[in-house]
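A.B. asks: In the UniProt record's numbering, the protein residues as written are 1 to 189.
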Amino acid sequence: MDWTMSRDDPTCSGLIRAAGTEIFGHTVELTKLTSIREDLGEGRLQEHCTFSVHFPDLDDTDLPTPLQRHLLTRHLAMRTTLRVPQGKEASITLTGRQFCRTFPYHVFFDDSLTILQCGEALRRLLPAGIGPGTKMGDVFTVQYPRMGWSVDNVKRFTNTIFMLSIKPRNGSTRKTLNIKGARTSCNQS
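1. Identify the residues that DSSP records as bridge partners of residue 182: which are they?
2. Exposed or buried, what is residue 107 when buried is set at 16 or more other beta-carbons lying within 10 Å of its beta-carbon?
3. Excluding the five sequence neighbours on either side, which residues of its own chain have a C-beta within less than 8 angstroms of the C-beta of residue 228, listed in chain order?
4. Around the Cβ of residue 33, are there at least 16 other Cβ atoms within 10 angstroms (buried) or fewer (exposed)?
5. Near residue 38, which residues of its chain fall below 8 angstroms by C-beta distance, leaving aside the five closest residues on each side in sequence?
6. What's the gap between the Cα of residue 84 and the Cα of residue 185?
7. When you compare each of 174, 169, 170, 161 to residue 180 by their alpha carbons, which one comes out closest?
8. With C-beta atoms as the reference, is residue 167 less than 7 angstroms away from residue 141?
9. Give the straight-line distance between the Cα atoms of residue 178 and residue 17, rounded to the nearest whole angstrom.
10. Alpha carbons only, please: which of 99, 157, 137 is nearest the one belonging to residue 114?
11. Note the first and the last residue of the continuous beta strand (DSSP E) segment covering residue 230.
12. Kindly indicate which three-state DSSP category residue 134 falls into: helix, strand or coil?
13. Between which two residues does the alpha helix (DSSP H) harbouring residue 151 extend?
14. Sorted by chain position, which residues of the same chain lie with C-beta nearer than 6 angstroms to residue 36's C-beta, five sequence neighbours on each side aside?
15. Answer with buried or exposed for residue 53, where buried requires no fewer than 16 other C-beta atoms within 10 angstroms of its C-beta.
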C-alpha cells in the first residue's frame, strides 16, 4: 500500500489501523517498507511511505484459493468483448491518429517529461504554442498528489489518481480545466 501524507507517520498508520478495526472488523499490522521525505517548497514537507499490510486474524482459509482466483479470472475474462482463442496471442494495432481519436484526453511523455503525444480533445484545450520539446510542467500544474514535476515523483505514485490543471494561456484569467486520471507505463513503439 502506498500512502502520501503531510502529517507524521504515527497519525497516518493509526488511521489505517483504526479503519481496519472499526470499518472492516479486522486487526491490522503495518510494516513500513520505504519512506521518502520531499520538500514541496514554502516550508511544506510531504512524506511518501510504502507499507506492508498484514491481517493476523485472517487465516489462509479466509483468502481465495488458487481455484477461486482462477474461476474469478475466467468469469471476468468471459465478460470482456474481445475473445482470443486459447494458446494464441492477440495484438491490436492502432495508428497514432486512431489512438488519439480513441483516447481523446490522453497524454504521452518521456523520461524528461517532454510531451510526445496527446489526444485530440486535450490538444484543443492546451495553449496554441504546444509543440516539439514542450514539457509537462509548461502546460500542466499538478493539483494532486502534491508533488513537483519529475519522472521519479510520477513513478513513485503508482496506483494513484492524478489531478492536473491546464495552465491558462498567456494573459488569460479564465478558469482552466482540471483533468483526473491514472498513470500507465507504456513501451515506446
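Even for Gly, the Cβ is constructed at its ideal location relative to N, Cα and C. These figures come from a predicted structure and were not determined experimentally.
C.D. replies: In terms of the structure at hand:
1. Here residue 182 is taken as the residue at index 182 of the sequence shown, counted from 1. Answer is 161.
2. The residue given as residue 107 occupies position 107 in the sequence shown. So residue 107 counts as buried.
3. Absent from the model: residue 228. The displayed extent of the chain is 1 to 189, so no value can be given.
4. Reading the sequence shown from its first residue, position 33 is the one you call residue 33. That one is exposed.
5. In the sequence shown, residue 38 corresponds to position 38, counting from 1. The answer, listed in chain order, is 45, 46, 47, 48, 147, 148, 153.
6. On the sequence shown, residue 84 is found 84 positions in, with the first residue counted as 1. On the sequence shown, residue 185 is found 185 positions in, with the first residue counted as 1. With a pLDDT of only 45 at residue 84, under 50, the local geometry of the prediction cannot be trusted, and the value read off the model is given with reservation. Going by the C-alpha atoms only, they are around 24 angstroms apart.
7. Taking the sequence shown and counting its residues from 1, one reaches residue 180 at position 180. Among 174, 169, 170, 161, the Cα nearest to that of residue 180 is on 161.
8. Numbered from its first residue, the sequence shown carries residue 167 at position 167. Numbered from its first residue, the sequence shown carries residue 141 at position 141. Yes, the pair counts as a contact, with Cβ atoms nearer than the cut-off.
9. Within the sequence shown, the letter at position 178 stands for residue 178. Within the sequence shown, the letter at position 17 stands for residue 17. Each residue's Cα considered, the two are about 33 angstroms apart.
10. Locating residue 114 in the sequence shown gives position 114, counting from the first residue. For the residues 99, 157, 137, the minimum Cα distance to residue 114 belongs to 137.
11. The shown model of the chain, from 1 to 189, leaves out residue 230, and the question about it has no answer.
12. Translated into positions along the sequence shown, residue 134 becomes position 134. Three-state DSSP puts residue 134 in coil, outside helix and strand.
13. Locating residue 151 in the sequence shown gives position 151, where the first residue counts as 1. Where residue 151 is concerned, the enclosing alpha helix (DSSP H) stretches over 151-156.
14. Here residue 36 corresponds to residue number 36 of the sequence shown, with the count starting at 1. These residues qualify, in order along the chain: 48.
15. The residue given as residue 53 occupies position 53 in the sequence shown. It counts as exposed.
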